[in-house]
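Numbering (this note's numbering), first residue to last: 6 to 46. Think of the CB as a built atom: it goes at the ideal place given N, C-alpha and C, for glycine as much as any other residue.
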């Protein structure tokens with residue numbers, strides 16, 4: 006039972022980290038797009 010709980014916590018942490026990485030990557034891409042739009046105009 007203890008091992009299963011540890012596995013679930015580990016799994017949730019991995020999903021959480023993936024969401025953070027995707028969010029950061031999306032934010033940086035969006036920021037670059039906005040900056041390029043401003044520099045072009």
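Which residues in the same chain as residue i place their Cβ atom closer than 7 Å to its Cβ, once the five residues preceding and following it in sequence are excluded?
| i | result |
| --- | --- |
| residue 31 | none |
| residue 42 | none |
Where do the ends of the alpha helix (DSSP H) carrying residue i lie?
| i | result |
| --- | --- |
| residue 44 | 7-45 |
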